[in-house]
Every structure is written in C-alpha cells, then in structure tokens.
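2 protein chains.
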Amino acid sequence: MKAVQSFIGEPVAIVGAGLVGAGWAIAFARAGLTTRVYDANPSLSEKVLPWAAKQLSALHAHGLLGEPPQVVANRLVCVNSLKEAVDGVAYVQESVLERLDVKRQLMEDLDAIADADVIIGSSSSGIPASAFANDLEISPRALIAHPVNPPHLVPVVELVPSTQTSADTVEFVDRLMVSIGQSVVHVRKEVEGFVLNRLQAALLREAWALQRDGVASCEDIDKTVRDGLGWRWSFMGPFETIDLNAPGGIADYASRLGALYYSIARSRVDDGPWNAELIAQVEKDRRQHLCADDLAARRDWRDEKLMEFAARKSSISGQSVSEPGSCTGA
Amino acid sequence: MKAVQSFIGEPVAIVGAGLVGAGWAIAFARAGLTTRVYDANPSLSEKVLPWAAKQLSALHAHGLLGEPPQVVANRLVCVNSLKEAVDGVAYVQESVLERLDVKRQLMEDLDAIADADVIIGSSSSGIPASAFANDLEISPRALIAHPVNPPHLVPVVELVPSTQTSADTVEFVDRLMVSIGQSVVHVRKEVEGFVLNRLQAALLREAWALQRDGVASCEDIDKTVRDGLGWRWSFMGPFETIDLNAPGGIADYASRLGALYYSIARSRVDDGPWNAELIAQVEKDRRQHLCADDLAARRDWRDEKLMEFAARKSSISGQSVSEPGSCTGA
Chain A
135 MKAVQSFIGE PVAIVGAGLV GAGWAIAFAR AGLTTRVYDA NPSLSEKVLP WAAKQLSALH
195 AHGLLGEPPQ VVANRLVCVN SLKEAVDGVA YVQESVLERL DVKRQLMEDL DAIADADVII
255 GSSSSGIPAS AFANDLEISP RALIAHPVNP PHLVPVVELV PSTQTSADTV EFVDRLMVSI
315 GQSVVHVRKE VEGFVLNRLQ AALLREAWAL QRDGVASCED IDKTVRDGLG WRWSFMGPFE
375 TIDLNAPGGI ADYASRLGAL YYSIARSRVD DGPWNAELIA QVEKDRRQHL CADDLAARRD
435 WRDEKLMEFA ARKSSISGQS VSEPGSCTGA
Chain B
135 MKAVQSFIGE PVAIVGAGLV GAGWAIAFAR AGLTTRVYDA NPSLSEKVLP WAAKQLSALH
195 AHGLLGEPPQ VVANRLVCVN SLKEAVDGVA YVQESVLERL DVKRQLMEDL DAIADADVII
255 GSSSSGIPAS AFANDLEISP RALIAHPVNP PHLVPVVELV PSTQTSADTV EFVDRLMVSI
315 GQSVVHVRKE VEGFVLNRLQ AALLREAWAL QRDGVASCED IDKTVRDGLG WRWSFMGPFE
375 TIDLNAPGGI ADYASRLGAL YYSIARSRVD DGPWNAELIA QVEKDRRQHL CADDLAARRD
435 WRDEKLMEFA ARKSSISGQS VSEPGSCTGA
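Structure representation (structure tokens):
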C-alpha cells in the first residue's frame with residue numbers, strides 16, 4: 135500500500151463513467167491527480183471529457199479552481215480497457231451500476247488484473263461491501279466510499295468497511311479523501327442505507343406522511359426546511375443544533391423535548407409504504423411548482439447554487455470564524 | 135380587522151420578552167412597525183433594548199438593515215402593562231412561557247382588555263391553539279404563528295389555526311408575516327409538533343439511534359448533514375431535492391427508492407425513548423467537540439453564521455437566479 139504523501143501526481147482510476155464516476159473524476163483531477171476514466175460502455179466515457187470541460191469552466195467562474203480549467207482537464211485520460219485503467223494505480227473508485235452481480239463481477243476482474251496493493255473504493259449507495267467484495271485477494275483492500283451526487287460539488291463521503299476490510303485500508307482512504315478536499319464520515323456497521331440515506335429516509339418518511347394526511351403541501355414542507363431547519367443544518371448538523379438550543383446543552387435539550395419527540399415517533403410506527411396513489415398525489419403537488427419539462431433546467435440551477443454554496447464555504451473557511459474545538463478538560 | 139396595507143407604521147405588541155419575543159420585536163421593528171414590548175417580569179423586558187441594540191448593529195454590519203440601527207431601535211418601546219401594550223394595536227405576538235395555564239390566562243386577559251378587532255399570533259412550539267384559545271370572543275382571531283429561534287435571523291413561521299380560527303385571520307397573518315419578510319408555512323391540522331418539529335424529530339430519532347448503536351459518532355452524523363444533506367436542503371427542501379435526483383422526477387425517484395426507504399423506516403418501528411443512559415452517552419460524545427463552558431460562545435458563533443447566511447440569501451435573491459415556477463400546462 136502506498137503512502138498518501140507519495141500519491142499526488144500518481145494516477146488513480148475511475149471505473150464506471152456515469153454522473154457519479156464523472157463527478158469523482160473531477161474531484162480527483164482538481165486535486166492534482168492524474169485520473170484515468172474507464173467505462174465498459176464507450177458511449178458513456180466519450181461524454182466525460184466534454185462534460186468535465188463545462189463543469190471545470192463553471193467551477194473556475196465561481197473561484198473554485200486554483201488553476202486554469204484546461205490544466206485540470208489535461209489530467210483526465212479516457213482509456214479503453216479495465217487493465218489499462220488500473221495498471222499501476224494506487225486507488226480505484228468504482229461507480230458501476232448499483233447491482234450486486236455487476237459489482238461482484240468487477241471485483242473479481244479487479245482481483246485478477248489489479249496490482250497486489252491497489253485499494254478499491256466503491257460508490258455503492260446501498261449494497262454493502264461484504265455482499266460483493268468478500269473472499270477475494272483484494273477483500274482487505276476494498277470498502278464503500280459513498281459520495282453525495284455530484285461528488286465534486288458536495289464534499290461528504292461515507293466510508294463503510296466490509297467485514298474483511300483492513301484498518302489500514304480505511305485509514306488510507308480517509309487520508310486520500312481528506313487530501314482531495316472531501317469530508318469523511320466513518321460508518322462503523324454495514325446498516326441498510328448507511329448514515330446519509332438513513333437520515334434522509336427518516337425525514338422523507340415524515341414529509342410524505344404530512345403531505346398524505348393533508349397537514350401541509352410539498353411546497354410548504356420544502357419551505358420549512360429551506361427557510362428554517364436547513365439554515366442551521368447547513369453549517370452545524372443536527373446534534374450541534376440541539377446542543378446550542380437549550381441553556382444546558384444537549385442533555386438539557388433531551389430532558390425538555392425527549393418526551394415530545396418520542397410521542398411524535400410513536401405516531402409514525404409502521405406507517406406503510408409509499409403506494410401508487412400516494413406517489414401520484416405527491417407528484418401532482420410537486421408539478422404545481424415545477425413542470426416535468428423543466429426538471430433538466432432546474433438541475434442546472436441546483437448545480438449553480440451548489441457552486442455558490444461551495445464558494446461561500448471556501449471563502450468563509452479562510453476567515454477567522456472559530457471552528458469547534460474539543461474539550462481540554464472533561 | 136385592519137388591512138395590512140394600513141398596518142405599516144401602526145403599532146404591534148410583543149407579549150413575553152424572552153429570546154423568542156425579543157427576536158420578534160426586531161423582526162417587526164426592522165420592517166417599519168412601531169413595536170411595544172411587554173413582559174410580566176420587568177427584569178426581562180429591561181434587557182430587550184440593550185440586547186436589540188447589539189443585534190441591530192450586527193445585522194447592519196452584515197448588510198441586513200436598510201437603515202441605521204438607531205432608527206430601528208427607536209421603534210421599540212418597552213411598556214409596563216398588558217393594557218398599555220395592546221391598546222390600539224392590530225396585532226399581538228405572544229411568546230410567553232410554553233405552559234397551557236399561562237397561555238390560557240393570557241388569552242382570557244386579552245379577551246377582556248384588547249380591542250375587538252385585534253389579531254393574536256402565538257409563538258407556541260407545541261401546544262395547539264385549540265387547547266388554550268377557544269371559546270372566547272377573540273377565538274376566531276387567534277392562531278399559532280410559530281417561528282424558528284431566533285425569528286429575526288431565520289425566516290420560517292408556521293401558521294396553525296385552531297378549530298375556531300377564521301380564514302380571514304389566517305390570511306391577515308399570512309400577509310403581515312410576508313410583509314415583514316418571514317417565510318410562511320401553512321399547517322392545516324393541529325398535529326403534535328406541527329411540521330417543523332415533526333421533521334426535526336424524525337431526523338433526530340434516526341441520528342440518536344445511529345449513535346446509540348455505534349454506527350457513527352455525533353460528529354460524523356453532523357458532518358453527514360452539514361457537508362452533505364444540509365447543502366441541498368438549505369435552498370431546496372426535501373421534496374425538490376428528490377424531484378431533481380431521478381431522471382423522471384419525484385415519482386421516478388419513489389419507484390426506485392421507495393422500497394429501500396420503507397425498509398429503513400420499518401427497522402425503526404418503536405425504537406424506545408431516549409433514556410438517561412443514552413442521553414449521557416450522546417452528551418459525552420458531543421462534549422468531545424464542544425465543552426459545556428463554550429456553549430454560550432458557540433451560540434454567538436451560530437448567530438454570526440446565520441447572519442452571513444441571511445446576507446448571502448438576500449444578495450442572491452437580487453440576482454437573476456431563476457426561481458421555481460408553476461406549470462402553465464399540466
């Protein structure tokens with residue numbers, strides 16, 4: 135296993151060149167790494183370079199690139215075979231189809247052809263690594279590295295080891311991800327949905343139930359988050375938010391509001407699946423605020439907003455805003 | 135009932151001058167309304183003017199006041215009796231103690247002394263208006279107007295009518311709140327926790343369970359939100375987020391991920407209360423990132439960040455970023 139320090143300038147491989155893989159390619163290239171891109175479907179990998187050129191221009195316009203876009207683009211190399219992609223690389227980020235058989239086949243292929251010390255991170259958002267990466271030579275060197283889409287715009291990445299991943303591998307990918315500017319979350323057990331999608335699932339379940347029961351519209355629920363809860367969560371997270379929301383901190387908060395929150399939770403005990411009728415109702419509600427024909431344009435708007443957000447975060451982190459520190463005492 | 139148009143420049147009353155009431159006072163005064171502040175405890179109302187002066191200076195420094203702080207401060211008037219506070223006002227925002235008997239007593243007092251057309255908004259975060267504002271002369275003119283704390287920094291406000299609130303009252307408070315720059319959410323049924331705290335409760339329940347089960351630390355869960363989910367939620371909300379996260383929009387998203395999310399929800403069916411042991415465990419975890427002694431300073435940091443956030447939102451809303459439009463077709 136190579137040290138991260140010797141890593142910058144060395145090649146990494148992106149296997150699977152859909153939106154997630156292409157976003158990863160930018161994240162690595164932007165940090166100075168030569169990035170080989172491969173997809174079994176050549177029509178996908180052909181799209182990566184033109185797409186990346188547009189994204190890099192936009193990042194540059196928002197002050198999010200330290201170099202000219204072309205310098206970063208020059209680090210992206212599309213290749214025509216898996217062998218060519220992984221030959222001599224220290225790290226492979228796989229973002230192939232979210233299907234057990236497809237991921238397992240790739241692991242077996244990598245097991246056969248990759249160097250003996252290569253590390254493999256999987257973008258899997260749901261399937262745990264133990265389900266497709268175990269009982270191979272490479273098993274100790276494979277884990278989940280699950281990003282938010284798109285990974286070059288939103289920094290969080292969940293690292294989830296399999297039952298056979300080594301501690302060295304987790305540490306290596308942690309350092310690598312931090313070195314390219316991602317924000318690493320360690321998920322210690324292979325729970326369904328990992329952490330990010332479990333949190334999202336919990337909030338969405340309540341949101342859908344409120345819409346279904348006629349308590350509030352999609353738009354009003356969105357407002358509650360984007361003009362309320364989301365402001366604090368975008369720089370504090372839920373624990374710090376409540377820690378600051380009672381005079382005595384989080385334990386004080388729990389003793390004041392724990393009973394209410396438990397009562398709310400019990401009111402949603404097995405609330406049923408989202409059935410076809412409810413899906414149709416929610417879609418109709420959403421379409422009053424965004425036409426289906428405008429979805430693509432609105433995604434461009436979202437990416438633009440994420441860049442503004444990232445630019446603001448990076449300018450603020452250069453200022454003297456105090457960051458949380460650990461207790462020296464207790 | 136007075137028209138909102140004739141309202142600016144007229145007095146409003148703030149009853150209850152803790153942090154929520156004091157924040158409301160700034161929100162109204164900033165929008166040009168003369169704002170009378172009353173608390174049954176004079177030591178609380180005495181603190182409002184010096185506190186407001188500091189807040190107004192900070193708002194001004196962030197470009198969030200269109201006038202000198204002193205001009206806004208001059209609209210704040212501390213008064214010594216409820217009668218003096220509400221005499222001739224069109225609107226009363228009550229933010230007294232969150233206790234049924236206290237709120238009921240205030241409603242009865244207002245019923246006895248306020249003008250016949252006064253409208254009353256309650257900052258209650260949990261007790262529904264039907265529990266304390268019904269069967270009085272003023273009942274049709276009272277509703278919940280629940281803010282996020284502090285209301286002058288975070289714009290969302292939930293309007294929740296009681297079973298006896300008139301539609302005119304809801305409309306009046308909607309217009310008033312929009313005119314002072316708040317973001318109005320209509321909650322159509324008096325559900326426990328309304329919308330905002332139900333959404334927060336759902337996310338917190340999952341977050342606490344993940345910490346309890348050793349899946350992730352408080353800090354890593356906070357990171358997942360503040361470096362991931364919170365970025366999108368801070369300008370889109372949860373429904374728009376998923377509407378843009380599948381090629382065919384929200385129904386497509388639900389058909390792809392509905393089963394996973396339902397499975398996650400079922401894994402948390404009646405998960406138990408936060409008991410003393412869990413509260414101690416979570417507090418210990420949080421204290422590794424923030425000492426109890428630093429809570430107060432960190433709250434100042436939070437308010438500073440919220441002002442930066444508000445300043446950025448207000449500068450962006452002046453740009454040509456397209457806002458969501460409703461379908462002209464479907």
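First to last, the protein sequences are chains A and B.
Read in this note's numbering, the first sequence has 254 at position 120, and its numbers run on one by one without any break.
Read in this note's numbering, the second sequence has 136 at position 2, and its numbers run on one by one without any break.
All C-beta atoms in this analysis are idealised placements derived from N, C-alpha and C, irrespective of residue type, glycine included.
If I measure Cβ to Cβ from residue i and keep anything under 8 angstroms in the same chain, skipping five residues before and after, which residues do I get?
| i | result |
| --- | --- |
| Ser469/B | With chain B covering 135 to 464 only, the question about residue 469/B has no answer from this structure. |
| Asp419/A | Gln345, Ser351, Cys352, Glu353 |
| Val319/A | Val290, Val291, Glu292, Leu293, Val329, Leu330 |
| Pro203/B | Ala187, Leu190, Ser191, Leu193, His194 |
| Arg332/B | Val325, Glu326 |
| Asn268/B | Ser296, Thr297, Gln298 |
| Leu153/B | Asn283, Pro284 |
Can you give the Cα-Cα distance for residue i and residue j, rounded to whole angstroms?
| i | j | result |
| --- | --- | --- |
| Trp367/A | Ala246/B | 43 angstroms |
| Ser215/B | Ala151/B | 13 angstroms |
| Ala335/A | Val171/B | 42 angstroms |
| Ile253/B | Ser273/B | 9 angstroms |
| Val220/A | Val226/A | 7 angstroms |
| Val211/A | Thr168/A | 8 angstroms |
| Pro289/B | Leu183/B | 22 angstroms |
| Leu337/B | Pro145/B | 39 angstroms |
| Tyr395/A | Arg339/B | 8 angstroms |
| Pro381/A | Phe373/A | 15 angstroms |
| Asp404/A | Val205/B | 54 angstroms |
| Ala445/A | Arg436/A | 14 angstroms |
| Ser401/B | Leu391/B | 16 angstroms |
| Glu468/A | Asp434/B | Only positions 135 to 464 of chain A appear in the structure, and residue 468/A is not among them; the question remains open. |
| Gly348/A | Ser300/A | 50 angstroms |
| Leu270/B | Asp249/B | 14 angstroms |
| Asp173/B | Val149/B | 6 angstroms |
| Asp302/A | Gly371/A | 28 angstroms |
| Glu228/B | Trp408/A | 39 angstroms |
| Val321/A | Ala161/A | 22 angstroms |
| Val455/B | Phe443/B | Here the model assigns Val455/B a pLDDT of 34, short of 50, so the residue's position is not dependable, and the following value carries that caveat. If you take the alpha carbons of Val455/B and Phe443/B, they lie about 17 angstroms apart. |
| Glu201/A | Glu438/B | 32 angstroms |
| Val379/B | Ala388/B | Note on identity: in this sequence residue 379/B is Asn, with Val being the wrong assignment. Cα to Cα, Asn379/B sits roughly 10 angstroms from Ala388/B. |
In its own chain, which residues sit with a C-beta less than 7 angstroms from the C-beta of residue i, not counting the 5 before and 5 after it?
| i | result |
| --- | --- |
| Val416/A | Trp342, Gln345, Cys352 |
| Lys217/B | Ile247 |
| Lys447/B | none |
| Val312/A | Val318 |
| Arg193/B | Residue identity check: residue 193/B is Leu in the sequence provided, not Arg. Cβ within range, chain order: Leu199, Met441. |
| Ile261/B | Glu232, Leu234, Lys237 |
| Ser460/B | Low per-residue confidence applies at Ser460/B: pLDDT is 49, beneath 50, and the placement is therefore not dependable enough to give any value. |
Note down, in chain order, every chain B residue with its Cβ under 8 angstroms from the Cβ of residue i.
| i | result |
| --- | --- |
| Gln227/A | The premise fails here: Gln227/A is roughly 17 angstroms from chain B at the closest Cβ pair, so nothing lies under 8 angstroms. |
| His320/A | Ala350, Ser351, Asp354 |
| Glu326/A | Leu394, Ser397, Ile398, Ser401 |
Quick one: which chain A residues come within Cβ less than 9 angstroms of residue i?
| i | result |
| --- | --- |
| Val290/B | Lys357, Thr358, Val359, Arg360, Asp361, Gly362, Leu363, Trp365 |
| Lys237/B | Correct list: empty, because the minimum Cβ distance to chain A is about 16 angstroms. |
| Leu330/B | Thr358, Val359, Gly362, Leu363 |
Cβ closer than 9 angstroms: which chain B residues qualify as neighbours of residue i?
| i | result |
| --- | --- |
| Ile160/A | Going along chain B, no residue has its Cβ under 9 angstroms from Ile160/A, so there is no contact; the nearest lies around 17 angstroms. |
| Gly383/A | Glu417, Arg420, Arg421, Leu424, Ala426, Leu429 |
Between residue i and the rest of its own chain, which residues show a CB-CB distance below 6 angstroms, the 5 nearest in sequence each way excluded?
| i | result |
| --- | --- |
| Ala165/B | Ile314 |
| Asp377/B | Gly383, Ile384 |
| Ile278/A | Ser256, Ser258, Ala263, Val294 |
| Arg209/B | Ala163, Thr168, Thr169 |
| Val282/A | Val288, Val290 |
Listing by chain order, which chain A residues have their CB less than 7 angstroms from the CB of residue i?
| i | result |
| --- | --- |
| Glu411/B | The contacting residues do not exist; Glu411/B stays about 12 angstroms from chain A at best. |
| Phe503/B | Chain B is shown only over 135 to 464; residue 503/B falls outside these bounds and no answer can be derived. |
Output, in chain order, the set of chain A residues within a Cβ distance shorter than 8 angstroms of residue i.
| i | result |
| --- | --- |
| Trp466/B | Because residue 466/B is not part of the residues shown, which for chain B are 135 to 464, the question remains open. |
| Lys323/B | Asp347, Gly348, Val349 |
Chain B partners of residue i, CB-CB under 7 angstroms?
| i | result |
| --- | --- |
| Gln334/A | Leu363 |
| Ala341/A | Leu333, Pro372, Phe373 |
Does residue i have its Cβ less than 7 angstroms from a Cβ in chain E?
| i | result |
| --- | --- |
| Phe443/B | No chain E appears in the structure shown, which is made up of the protein chains A and B. |
Tell me whether residue i counts as near the ligand PLP, meaning its Cβ is closer than 6 angstroms to at least one heavy atom of that ligand.
| i | result |
| --- | --- |
| Ala156/B | No copy of the ligand PLP appears in this structure; indeed no ligand is present at all. |
Segment contact, 8 angstroms Cβ cut-off, at least three pairs: the region 171–187 of chain A with the region 420–433 of chain A: no
Cβ contact (3+ pairs, closer than 8 angstroms) linking the region 358–372 of chain A and the region 298–315 of chain B: no
Short-range partners of chain A found in the region 257–281 of chain B, where Cβ spacing is below 8 angstroms: Gly260
Chain A contacts made by the region 147–173 of chain B, where a contact means CB separation under 9 angstroms: none
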